[in-house]
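2 protein chains.
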Amino acid sequence: MANVLRKEQFILPEGVIYLDGNSLGPMPKNVPARLSGVMNDEWAQMLIGGWNKAGWMAQPTNVGTSIGRLIGAAAGSVVMGDTLSVKVYQALAAGVKMRPERRVILSDKGNFPSDLYMAEGLVGLLGQGYELRTVAPEDVATSITDEIAVVMLTEVDYRTGRMHDMQALTKLAHDAGAVMVWDLAHSAGAIPVDLAASNCEFAVGCTYKYLNGGPGAPAFIYVRPDLADTAEPALSGWLGHANPFDFDLHYTPGKGIERMRVGTPPVLQMAALEEAMKVWDGVDMADVRRASLDLQEQFIKEVEQAVPQLELASPRDPQARGSQVSFRFEHGYAAMQAVIDRGVIGDFRAPDIMRFGFTPLYLDAADVTAAVAVIEDVMTNALWDDPKYKVRGRVT
Amino acid sequence: MANVLRKEQFILPEGVIYLDGNSLGPMPKNVPARLSGVMNDEWAQMLIGGWNKAGWMAQPTNVGTSIGRLIGAAAGSVVMGDTLSVKVYQALAAGVKMRPERRVILSDKGNFPSDLYMAEGLVGLLGQGYELRTVAPEDVATSITDEIAVVMLTEVDYRTGRMHDMQALTKLAHDAGAVMVWDLAHSAGAIPVDLAASNCEFAVGCTYKYLNGGPGAPAFIYVRPDLADTAEPALSGWLGHANPFDFDLHYTPGKGIERMRVGTPPVLQMAALEEAMKVWDGVDMADVRRASLDLQEQFIKEVEQAVPQLELASPRDPQARGSQVSFRFEHGYAAMQAVIDRGVIGDFRAPDIMRFGFTPLYLDAADVTAAVAVIEDVMTNALWDDPKYKVRGRVT
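In the order they appear, the protein sequences are chains A and B. The first sequence begins at 1 in UniProt numbering and counts up one residue at a time. The second sequence begins at 1 in UniProt numbering and counts up one residue at a time.
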């Protein structure tokens, strides 16, 4: 097993143990120099010429390919752009068009709300009997019937870390004639994913969590290569056109995954992400997984020994869990604020989830032990029972 | 008339006269320091806390308000995000929902193709007889009938600079019961716009042209304040939700313009744009307009004297023209490459348009004279007739 720890490649503030890389990854050390170059040597000096000379136009597919390696997607089958919500919409819209005789999008109540909202918006626009149906996560398998046009699931539950079985559910969807869309928000860079083996039609994800692309980093979309030349992009913007600079009056979708591009890509964000992806050079996701589970098992064991009143909200079986561990506590919001105040950054998810992310590129066993000591102090001494920790602010 | 020239606030490469700020504005000098701060002091040090502590979450509406001042939109009626193509889609989708009994989106063949493509994508998804109808720009007025749900026009033609009459066409649209959507891509920061006076329902625009926000800077959308609490966002992402951090399973649109937000905003791009907007402090768009027309009139006069074979493609009447001047020339592509090669950067638009943008914040009369001298040299001596200038690359 190769060691994946590379703390020295990140900026981590003094006195902080960061267990929230599943919300926003920390900054890889080389990003500022890269962005400085993009601004001073490319934008400022090349001006409009940067689109060709600096390679800005090709970045969305180049970065897509570097992410593809971590999620089992062939080179040229992933492209970057927009936000995850927009990419969800594109995947869903293309999916329902592939099953014109069906009317139901199936998802589960554990899915990230924005995915459900985007589906609601889409079915509202489509009218004609289109419907979003959401069931409990454990009922998904039995709810995949021949009414279902598209099954849309997030592999790792954002609150509990519970994992769906990607291979099995994709097979069930296909057996029922449905299209499968996977959201990899908490999977890409967190756990091994093999999109090609799963045979799903679409996958989407974000890059500001485990891929450390920075706040608001662009999203990605994968289309199974055999479908990429026929999938309808719905958001048919000019950079998805076969010949964007011909300025035709009619849309002709581009070749393969390129058609999933929409508007002008965010070059500064794309460059930050491209630089951040270099952290993954030579990293094998199987090694990341083993290291992540070691940290998680240590954390669960130490927390349960030290603080019995915290109830594990994540699956106890490590194979059923992504790269985070969540505990339930009635006063979880205040407790998390008290923990953060002492330098251990996790986050809170309503109604009562204290969530801790494990990112073995920059966390080790000593960090886990130190974090547990803080949690123990907060819980044993009820340090959370202070009015200042109970004022609700926006938590992301 | 106040002088709006502030060259010292921009980085402009040595030996370059930049007449392409209508494609990508040059870099305001203070942007790199701001981005460096966002990376090193905010992302790296505050980590997830940056969303609140550094104000990232509020940026899309704050920056929207600073742009609103330049386009006659009240504070809080403009929000940033996504790309212009995506914002066009949101405006169109909301517009057609406001006129459920109508089926036609009207636009013109001079519109920027991506706007037409997004409309094609939308009507394709809607089915049910929805239609995009495009007419010649001069036929728009007579084509606004009671079949039209939404009129979508770009105020300034991207090739010729020809301007539509925003007030008159909006009134015609309203008289016919249609919703009006204006694309201000070549208007915002270029010419005075008074959205409130026009009474249009929606406006959208980009910020990497005259607003100098950088490559891939986020787009904006305006919704008329009396409609902002009822317009349906279509792309109903979590950051447009009334309470995004409640993680409800169902979408409830946020208050006013906030509902037009979709996914996580691109913080680095947003900060670059916010910094770039400081260039406009104390600038009156009426002064910008006067200065722009002075430069344009000088340019047309000097070019026509020096190079009679160039045919003016822009309206001769300055009041009918935006902030650019275009000339037709059969070998316009090669000629523009030859001109660029000599330090005067304009651009080419198929099939035969040589386009020059005028941006009086960083261009003066001496720049115009120097640019004309280069154009004269290239044209008089047929310097464009060189094979190296005829190889087509991507031009943006």
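Glycine included, each C-beta is placed from N, C-alpha and C at the ideal position.
* THR154/B and HIS186/B: beta carbons closer than 8 Å? -> The Cβ-Cβ distance between THR154/B and HIS186/B falls below 8 Å.
* Rank ALA149/A, GLY214/A, GLY110/A, ALA141/A by C-alpha distance to the C-alpha of GLU131/A and give the top, closest one. => ALA149/A
* Where the alpha helix (DSSP H) containing TYR333/A begins and where it ends -> 332-341
* **Interfacial residues, the region 36-65 of chain B to chain A, with Cβ spacing under 7 Å** => Listed by position along the chain: SER36, MET39, ASN40, TRP43, ALA44, GLN45, LEU47, ILE48, GLY50, TRP51, ASN52, TRP56, MET57.
* **Nearest candidate by alpha-carbon position, reference GLN269/A, set ALA242/B, VAL288/B, PRO215/B, VAL78/B** => PRO215/B
* Asked: So, using beta-carbon positions, are residue 455/B and LEU24/A closer together than 8 Å?
  -> Nothing can be reported for residue 455/B: it is not among the residues displayed for chain B, which extend from 1 to 396.
* Asked: What's the C-alpha gap between TRP384/A and THR61/A?
  -> 47 Å
* Per-residue burial, PRO351/B [other beta carbons within 10 Å of its own, 16 or more giving buried] -> exposed
* Asked: Can you list the alpha helix (DSSP H) stretches of 4 or more residues lying completely in the region 253-292 of chain A, in chain order?
  -> 267-276
* Nearest-angstrom Cα separation, counted from TYR210/A out to ALA334/A -> 26 Å
* Contacting positions in the region 84-97 of chain A - beta carbon closer than 7 Å to chain B -> LEU84, SER85, VAL86, TYR89, ALA93
* Under 9 Å from the C-beta of THR369/B: neighbouring residues of chain A -> Result: empty, since nearest Cβ-Cβ is about 21 Å, beyond 9 Å.
* Asked: So with Cβ pairs under 8 Å, would you call TRP238/A a contact of chain B?
  -> It does; some Cβ of chain B falls within 8 Å.
* Below 8 Å between beta carbons is the criterion; list the residues of the region 250-266 of chain A that meet it against any residue of chain B, in chain order. => HIS250, TYR251, VAL262, GLY263, THR264, PRO265, PRO266
* Asked: From this set, PRO266/A, ASN243/A, SER107/A, which residue's C-alpha is nearest ARG259/A's C-alpha?
  -> ASN243/A
* To do: Taking ALA234/B as the query, report the chain A residues whose CB atoms sit under 7 Å from its CB, ordered along the chain.
  => GLY121, LEU125
* Asked: Taking the alpha helix (DSSP H) that ALA370/A falls in, what are its first and last residues?
  -> 365-380
* Within the chosen definition, does the region 91-111 of chain B reach the region 153-170 of chain B through at least 3 CB pairs nearer than 8 Å? -> yes
* Looking at MET118/A and GLY85/A, is the spacing between their C-beta atoms short of 8 Å? -> Gly is not the amino acid found at residue 85/A; the sequence shown has Ser there. Result yes, Cβ atoms of SER85/A and MET118/A sit closer than 8 Å.
* To do: Please classify THR380/B: is it buried, with 16 or more other beta-carbons within 10 angstroms of its beta-carbon, or exposed?
  => exposed
* **Rounded straight-line distance, which links the Cα of THR145/A to that of VAL325/A** => 33 Å
* Asked: What three-state label does DSSP hand ASP108/B in the structure shown?
  -> strand
* List the residues of chain D whose Cβ lies closer than 7 Å to the Cβ of HIS241/A, in chain order. => Absence of chain D from the displayed structure is noted, the protein chains being A and B.
* Round the Cβ separation of VAL16/B and GLY343/B to the nearest angstrom and send it over; I've been treating them as touching at under 8 Å. => 5 Å
* Asked: With distances taken between CB atoms, is the gap from ALA217/A to ASP82/A smaller than 8 Å?
  -> no
* To do: To the nearest angstrom, report how far apart LEU122/A and LYS53/A are at their CA atoms.
  => 38 Å
* Would you mind stating whether LEU19/B and PRO360/B have Cβ atoms separated by less than 8 Å? => no
* Can you tell me whether DSSP reads MET1/A as helix, strand or coil? -> coil
* **Residue closest to GLU311/B, alpha-carbon to alpha-carbon, out of LEU295/B, ASP165/B, PHE329/B, LYS171/B** => Of LEU295/B, ASP165/B, PHE329/B, LYS171/B, the smallest CA-CA separation from GLU311/B is found for PHE329/B.
* **Within the region 93-137 of chain B, ranges of the alpha helix (DSSP H) (whole runs, at least 4 residues)** => 113-126
* What in chain B is Cβ-close to ILE11/A, meaning under 7 Å? -> ALA44
* Where the alpha helix (DSSP H) containing SER143/A begins and where it ends -> 140-143 is the extent of the alpha helix (DSSP H) around SER143/A.
* In three-state terms, what does DSSP make of GLU14/A? -> coil
* To do: Quick one: residues in its chain with C-beta nearer than 6 Å to the C-beta of LYS97/B, no 5 flanking neighbours on either side, listed in chain order?
  => GLU232
* **Within chain A, partners of THR380/B - CB distance below 8 Å** => Neighbours of THR380/B on chain A: none; closest Cβ ~25 Å, over 8 Å.
* Asked: CB-CB under 6 Å to THR369/B, same chain, minus the five flanking residues each way: which ones, in chain order?
  -> none
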